[in-house]
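A.B. asks: Before I ask anything, here is the structure I am working with.
In this note's numbering, the protein residues as written are 1133 to 1426.
Structure, rendered in structure tokens:
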């Protein structure tokens, strides 16, 4: 079996009848310090079959999908380096219709549109009113690449005002899949754990409403985006069993989407959660809940 991170000729062989396309960019080196000796490090797994893929095979599968959703751990630099690699690799195989980011809000869309087709300004974060909560060191190269390659860059998130509205007056979503009791129960558990069990139970339904309204917005934006569309968002947002794919189905999406989760080596990812998982190096373990409780 070929090591999944070795470059080779598989994509060219697969495309031999149509002519070999541009070669893939070089893979980035691992930046995170943990998991370097883990046997799963660098593995790309097709979850339905359990088959190990190499990067060329992954790109071949993703390049034909009208929508690709990539889930990340926000503070892992390896996830963002692989997102940049994937953006370039897909663009080399066919023109990318659009890139959507959870990190961008509707108020930033006019700023993005104004920059389309223009030279990238020296102070790009200021030109985009980039939000401090998203580390520019992580996301800047991705945003810059999209602008330089003239890939339409689209805001996928709610505005702060819309989030406050969703919290104060939770709206019922239409759709059997996103409203399934098991889905809501799992999301409530994730919200509770994400806030270290410190949220009063009375606030949990409102927080769940915000989470699901954000997922619904991402689904709506994906459906309206030029295809092939690519979404970068947190892992829970893109999961097939909990997030945006359920909302796409409830909205009657046509054409198949593909979900790739970027996960740290050692994490458990199941077939129902994604189509593919790519195991990366990991950040040092931190007890965020203990820090919050100090």
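A virtual CB, placed ideally from N, CA and C, is assigned to each residue, including glycine.
1. Could you check how far apart the C-beta atoms of residue 1318 and residue 1284 are, in whole angstroms? I think they sit under 8 Å.
2. For the segment 1349-1373, list the beta strand (DSSP E) runs that are entirely contained and at least 3 residues long, ordered along the chain.
3. Residues in its own chain within less than 7 Å of residue 1238 by CB, not counting five upstream and five downstream?
4. Going by alpha carbons, who is nearest to residue 1197 out of 1417, 1392 and 1162?
5. Cα separation between residue 1207 and residue 1155?
6. Using a Cβ-Cβ cutoff of less than 8 Å, which residues in the same chain neighbour residue 1406 once the five nearest sequence positions on both sides are dropped?
7. What would DSSP say about residue 1410, mapped onto helix, strand or coil?
8. Does DSSP put residue 1265 in a helix, a strand or coil?
9. Bridge partners of residue 1391, per DSSP?
10. So residue 1287 is in the beta strand (DSSP E); what residue range does that whole segment cover?
11. Please report the distance separating the alpha-carbon of residue 1375 from that of residue 1252.
12. Only counting the same chain, and skipping five residues up and downstream in sequence, which positions put a Cβ closer than 8 Å to that of residue 1263?
13. Any idea which residues DSSP pairs residue 1177 with across the strands?
14. Within the same chain, show all residues whose beta-carbon is closer than 8 Å to that of residue 1210, passing over the 5 residues directly before and after it, in chain order.
15. Could you compute how far the alpha carbon of residue 1168 sits from the alpha carbon of residue 1188?
16. Would you say the segment 1335-1352 touches the segment 1293-1306, given that touching needs at least three Cβ pairs under 8 Å?
17. Give the single residue among 1356, 1276, 1380 and 1326 whose Cα lies nearest to the Cα of residue 1309.
18. In terms of alpha-carbon separation, which member of 1416, 1417, 1410 and 1415 lies closest to residue 1174?
19. Distance check for residue 1362 and residue 1212, CA to CA, integer angstroms please.
20. With C-beta atoms as the reference, is residue 1294 less than 8 Å away from residue 1368?
21. Under the assumption that residue 1364 contacts residue 1228 (Cβ atoms under 8 Å), give the Cβ distance between them as a whole number of angstroms.
22. Quick check on this structure: which residue in 1396, 1201 and 1404 has the alpha carbon closest to the alpha carbon of residue 1416?
23. So who's on the other strand from residue 1166, going by DSSP bridges?
24. Would residue 1388 be called buried (16 or more neighbouring beta carbons within 10 Å of its own) or exposed?
25. Thinking C-beta only, is residue 1191 closer than 8 Å to residue 1222?
C.D. replies: So, from the listed chains and residues:
1. Along the chain shown, read from residue 1 onward, the residue named residue 1318 stands at position 186. Along the chain shown, read from residue 1 onward, the residue named residue 1284 stands at position 152. Not quite, the Cβ-Cβ distance comes to about 33 Å (not below 8 Å), so this is no contact.
2. 1361-1366
3. Position 106 of the chain shown, counted from the first residue, corresponds to residue 1238. The residues are 1287 and 1291.
4. Within the chain shown, the letter at position 65 stands for residue 1197. Residue 1197 has its Cα closest to that of 1392, out of 1417, 1392 and 1162.
5. Walking along the chain shown from the start, residue 1207 turns up at place 75. Walking along the chain shown from the start, residue 1155 turns up at place 23. Residue 1207 and residue 1155: Cα-Cα distance of roughly 29 Å.
6. Numbered from its first residue, the chain shown carries residue 1406 at position 274. Cβ within range, chain order: 1179, 1203, 1370, 1371, 1372, 1391, 1392 and 1393.
7. Position 278 of the chain shown holds residue 1410. Reduced to three states, the DSSP call for residue 1410 is strand.
8. Residue 1265 sits at position 133 when you count from the first residue of the chain shown. Residue 1265: coil per DSSP, three-state reduction.
9. Numbered from 1 along the chain shown, position 259 holds the residue referred to as residue 1391. DSSP, once it has assigned bridges, lists 1201 as partnering residue 1391.
10. Along the chain shown, one-based indexing puts residue 1287 at 155. Per DSSP, residue 1287 belongs to the beta strand (DSSP E) from 1285-1287.
11. In the chain shown, residue 1375 corresponds to position 243, counting from 1. In the chain shown, residue 1252 corresponds to position 120, counting from 1. For residue 1375 and residue 1252, the distance between alpha carbons rounds to 33 Å.
12. Your numbering for residue 1263 matches position 131 in the chain shown. Taken in chain order, the residues that qualify are 1235 and 1237.
13. Here residue 1177 refers to the residue found at position 45 of the chain shown. Answer is 1184 and 1409.
14. Here the question's residue 1210 lines up with position 78 in the chain shown. Correct list, in chain order: 1160, 1162, 1163, 1164, 1394, 1412 and 1413.
15. Here residue 1168 refers to the residue found at position 36 when the chain shown is read from its first residue. Here residue 1188 refers to the residue found at position 56 when the chain shown is read from its first residue. Distance between the alpha carbons of residue 1168 and residue 1188 is about 22 Å.
16. yes
17. To locate residue 1309, count along the chain shown from 1; it is residue 177. When only C-alpha atoms are compared, the closest one is 1380.
18. For the purposes of this step, residue 1174 is taken as residue 42 along the chain shown, with counting starting at 1. Checking every option, the nearest Cα to that of residue 1174 belongs to 1410.
19. Counted from its first residue, the chain shown places residue 1212 at position 80. Counted from its first residue, the chain shown places residue 1362 at position 230. Each residue's Cα considered, the two are about 14 Å apart.
20. In the chain shown, counting from the first residue as 1, residue 1294 sits at position 162. In the chain shown, counting from the first residue as 1, residue 1368 sits at position 236. No, Cβ-Cβ distance for residue 1294 and residue 1368 is not below 8 Å.
21. For the purposes of this step, residue 1364 is taken as the residue at position 232 of the chain shown. For the purposes of this step, residue 1228 is taken as the residue at position 96 of the chain shown. About 12 Å; that fails the 8 Å criterion.
22. Here residue 1416 refers to the residue found at position 284 when the chain shown is read from its first residue. Among 1396, 1201 and 1404, the Cα nearest to that of residue 1416 belongs to 1396.
23. Along the chain shown, read from residue 1 onward, the residue named residue 1166 stands at position 34. Per DSSP, 1414.
24. Reading the chain shown from its first residue, position 256 is the one you call residue 1388. By the neighbour-count rule (16 or more Cβ atoms within 10 Å), residue 1388 is not buried but exposed.
25. The count along the chain shown starts at 1 and reaches residue 1222 at position 90. The count along the chain shown starts at 1 and reaches residue 1191 at position 59. Contact: yes.
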